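As you go down the protein sequences, you meet chains A and B in turn. With UniProt numbering applied, the first sequence corresponds to residues 1 to 206, in that order. With UniProt numbering applied, the second sequence corresponds to residues 1 to 206, in that order. All C-beta atoms, glycine included, are put in the ideal place defined by N, C-alpha and C. Values in this document were obtained by computation on a predicted structure and should not be read as measured data. Below: one structure, written as structure tokens.
Protein chains: 2
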Amino acid sequence: MPRPTKQSPERGNARLRLLEAARDIIRAKGFAATSVDDLCRAADVTKGAFFHHFASKDALGVAATEYWAETTTEFFAAAPYHAPPDPLARVLAYVAFRKAIILGEIAEFTCLVGTLAQEVYSSTPEIREACARSIFGHTATLEADIEAARSDRGIAGDWTAESLARHTQAVIQGGFVLAKAGNDPALARESLDHLDRYIRHLFHVT
Amino acid sequence: MPRPTKQSPERGNARLRLLEAARDIIRAKGFAATSVDDLCRAADVTKGAFFHHFASKDALGVAATEYWAETTTEFFAAAPYHAPPDPLARVLAYVAFRKAIILGEIAEFTCLVGTLAQEVYSSTPEIREACARSIFGHTATLEADIEAARSDRGIAGDWTAESLARHTQAVIQGGFVLAKAGNDPALARESLDHLDRYIRHLFHVT
DNA sequence: TGACACATACCAACCGTATGGTATGTTTTC
DNA sequence: GAAAACATACCATACGGTTGGTATGTGTCA
Numbered sequence: 001m002p003r004p005t006k007q008s009p010e011r012g013n014a015r016l017r018l019l020e021a022a023r024d025i026i027r028a029k030g031f032a033a034t035s036v037d038d039l040c041r042a043a044d045v046t047k048g049a050f051f052h053h054f055a056s057k058d059a060l061g062v063a064a065t066e067y068w069a070e071t072t073t074e075f076f077a078a079a080p081y082h083a084p085p086d087p088l089a090r091v092l093a094y095v096a097f098r099k100a101i102i103l104g105e106i107a108e109f110t111c112l113v114g115t116l117a118q119e120v121y122s123s124t125p126e127i128r129e130a131c132a133r134s135i136f137g138h139t140a141t142l143e144a145d146i147e148a149a150r151s152d153r154g155i156a157g158d159w160t161a162e163s164l165a166r167h168t169q170a171v172i173q174g175g176f177v178l179a180k181a182g183n184d185p186a187l188a189r190e191s192l193d194h195l196d197r198y199i200r201h202l203f204h205v206t
Numbered sequence: 001m002p003r004p005t006k007q008s009p010e011r012g013n014a015r016l017r018l019l020e021a022a023r024d025i026i027r028a029k030g031f032a033a034t035s036v037d038d039l040c041r042a043a044d045v046t047k048g049a050f051f052h053h054f055a056s057k058d059a060l061g062v063a064a065t066e067y068w069a070e071t072t073t074e075f076f077a078a079a080p081y082h083a084p085p086d087p088l089a090r091v092l093a094y095v096a097f098r099k100a101i102i103l104g105e106i107a108e109f110t111c112l113v114g115t116l117a118q119e120v121y122s123s124t125p126e127i128r129e130a131c132a133r134s135i136f137g138h139t140a141t142l143e144a145d146i147e148a149a150r151s152d153r154g155i156a157g158d159w160t161a162e163s164l165a166r167h168t169q170a171v172i173q174g175g176f177v178l179a180k181a182g183n184d185p186a187l188a189r190e191s192l193d194h195l196d197r198y199i200r201h202l203f204h205v206t
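The structure is reproduced here in structure tokens:
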């Protein structure tokens with residue numbers, strides 16, 4: 001519920017700006033190393049505004065995760081990989097798309113919820129659960145195409161669409177970890193090439 | 001350089017105990033959320049001992065990473081997956097072994113350097129570099145078997161042994177991220193099944 | 001329609017504590 | 001007795017969070 005004023009049109013944006021700051025700073029520094037002051041400084045608001053919108057730093061973490069889930073859902077929904085009429089083509093286009101958007105600074109293309117989950121999984125269950133909703137909500141959007149491709153082509157194997165959808169995320173997240181360790185985005189792209197090859201193998205296409 | 005005493009045989013172990021505490025606590029809470037006092041308490045030593053052995057908390061981070069690299073190197077060197085005479089069998093045995101050791105609490109089977117790299121990659125380059133040495137030092141031990149399997153069997157493809165070795169680590173690390181997010185070790189094991197299937201596909205075996 | 005009651009959005013200053021780190025003293029071994 | 005291996009006591013600051021307050025908007029009823 002932003003309420004801009006005639007005098008100060010910035011007013012009403014504090015919450016959103018804090019969420020954007022959280023998205024960017026936490027991906028670079030991690031959650032624990034990001035202070036409330038860091039966020040306020042980046043969002044150009046005071047601490048009073050912070051604690052007006054969020055009951056605690058942890059609550060900001062949950063809100064930032066949910067904000068990430070919403071924005072990424074919209075982003076992927078609008079992405080071009082849904083275009084092909086063939087389900088398998090859409091799945092492969094998804095993998096290609098994920099590879100194509102690995103560009104620029106590491107903090108810019110890596111995943112907030114992967115970072116957060118890895119860091120706070122045991123200390124802050126609320127954040128962990130929000131991360132799970134984001135990740136597995138996304139896998140759910142992939143599952144339909146994978147299952148359609150599988151039944152269309154009469155593929156039988158000891159794997160499920162659900163499991164393969166999750167595996168795509170594991171490969172992506174793992175690629176991010178290696179890219180961070182090696183300080184090289186190519187390490188993340190490389191694993192997506194293997195994933196592409198794996199899926200083609202599963203569906204007997206080249 | 002431990003120096004145990006006749007009176008107090010605990011003495012001389014402070015450094016090692018701090019490293020063990022770091023290994024366990026950082027995997028559960030993350031690096032930034034782990035305080036020096038946490039580590040001293042767990043290792044049952046004082047702050048004086050901590051800063052006698054480590055110049056700073058960051059230096060402890062580097063040392064803990066190196067300690068992790070050494071101990072895991074020994075652990076994997078002694079593991080049974082080296083037994084098969086066939087290189088491909090060894091590679092598949094490695095994947096099976098990695099799956100088999102995913103047991104118990106999440107903090108106990110997940111990887112210190114993956115967690116650390118994800119958290120401090122941009123804030124503390126020395127730790128990030130130590131993580132890279134650990135991870136890519138490990139992939140180097142896999143490369144020989146993969147390459148031997150590939151040339152033995154005359155496998156040609158647009159992938160290298162080096163790249164596949166790295167991909168195994170990406171899948172493992174990504175599995176850990178999903179296991180943490182979903183609070184379920186089975187999510188990590190599941191991705192190793194996909195990795196096993198992928199490698200068999202690459203080598204045309206069932 | 002206007003003014004009263006109330007809610008929202010935000011700010012500046014402050015508080016108690018936990019933190020990383022230091023300075024100095026004591027014990028133990030070679 | 002020198003030096004390593006600790007322990008004790010302490011410091012400065014950064015941290016998450018609180019407080020009291022102001023400005024601005026909105027619902028409502030005479």
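Is the shortest distance between the beta-carbon of threonine 65/A and the beta-carbons of chain B less than 8 Å?
no
Segments assigned alpha helix (DSSP H), at least 4 residues, entirely inside the region 85-173 of chain B: Those alpha helix (DSSP H) runs which fall completely within the region 85-173 of chain B and span 4+ residues are 87-100, 106-109, 112-120 and 125-152.
| query | How many angstroms separate the CA atom of glutamine 173/B from the CA atom of tyrosine 81/B? | reply | C-alpha of glutamine 173/B to C-alpha of tyrosine 81/B: approximately 20 Å in a straight line.
Residue 207/B, DSSP secondary structure in three states
Chain B is shown from 1 up to 206; residue 207/B falls before or after that span and cannot be answered.
Using the C-alpha atoms, what's the distance from glutamate 20/B back to lysine 57/B?
-> 15 Å
- [ ] Label histidine 138/A either buried or exposed according to how many other C-beta atoms from any shown protein chain fall within 10 Å of its C-beta, with 16 as the threshold for buried.
- [x] buried
(message) Only counting the same chain, and skipping five residues up and downstream in sequence, which positions put a Cβ closer than 8 Å to that of valine 45/B?
(response) Ala14, Arg17 and Leu18
Original post:
Can you list the residues of chain B that glycine 182/A reaches, using a CB-CB cut of under 8 Å?
Top reply: Ala132, Ile135 and Phe136
Note to self: Using CA atoms only, rank isn't needed, just tell me which of Asp37/A, Thr141/A and Leu187/A is closest to leucine 103/A.
What the structure shows: Leu187/A
Run the CB neighbour count on glycine 182/B, radius 10 Å, all protein chains shown included, and call it buried at 16 or more, exposed below. buried
message = Quick check: is the beta carbon of arginine 128/A nearer than 8 Å to any beta carbon in chain B?
response = yes
*asked:* By the three-class DSSP mapping on this structure, what secondary structure does glycine 61/A have?
replied: helix
- May I ask which residues mark the beginning and end of the alpha helix (DSSP H) holding alanine 22/A? Run containing alanine 22/A: 14-29, per the alpha helix (DSSP H) assignment.
Chain-ordered neighbours of valine 171/B on chain A, where CB pairs are closer than 7 Å:
Below the 7 Å Cβ cutoff, chain A contributes Ala170, Val171 and Gly174 as neighbours of valine 171/B, in chain order.
Exercise for the section: Report the neighbours of isoleucine 106/A on chain B: residues whose CB is nearer than 8 Å to its CB, in chain order. Expected result: Tyr121 and Ser122
Contact between the region 120-129 of chain A and the region 134-154 of chain B: three or more CB pairs below 8 Å? no
Phenylalanine 31/B to alanine 55/A, Cα distance in whole Å?
25 Å
7 Å Cβ cut-off: residues of chain A touching alanine 33/B: Ala32 and Ser123
- Local Cβ density within 10 Å of alanine 78/A, reported as buried at 16 or more and exposed below that: Under this definition alanine 78/A is an exposed residue.
Of all the CB atoms in chain A, is at least one closer than 8 Å to the CB of arginine 90/B? no
How many whole angstroms separate the CB atoms of lysine 29/A and cysteine 40/A, which I take to be in contact at a CB cut-off of 8 Å?
-> Wrong, their Cβ atoms sit about 15 Å apart, outside the cutoff.
* Drop a sphere of 10 angstroms on the beta-carbon of glutamate 190/A, count the other beta-carbons inside from all chains shown, and report buried for 16 or more, exposed for fewer. => Glutamate 190/A is buried by the Cβ-count criterion.
#### Entry: Straight-line Cα distance separating alanine 89/B from phenylalanine 136/A
34 Å
With 8 Å set as the bound, which would you pick, yes or no: does the beta-carbon of glycine 114/A sit closer than that to a beta-carbon of chain B? yes
### Query
histidine 204/B versus chain A: which residues are under 8 Å apart at the beta carbon?
The premise fails here: histidine 204/B is roughly 10 Å from chain A at the closest Cβ pair, so nothing lies under 8 Å.
**Study point:** Assumed close pair alanine 170/A, leucine 116/B - CB separation to whole angstroms, cut-off 8 Å
**Key:** Wrong, their Cβ atoms sit about 19 Å apart, outside the cutoff.
Requested in this report: Using a cut-off of 7 Å between C-beta atoms, extract the partners of serine 163/A located in chain B.
Outcome: Ordered by position in chain B, the residues that pass the 7 Å Cβ test against serine 163/A are Glu190.
>> So, at 7 Å on beta carbons, what are the nonlocal neighbours of arginine 98/B in its own chain, with the 5 sequence-adjacent residues on each side left out?
In response: Ile172 and Leu192
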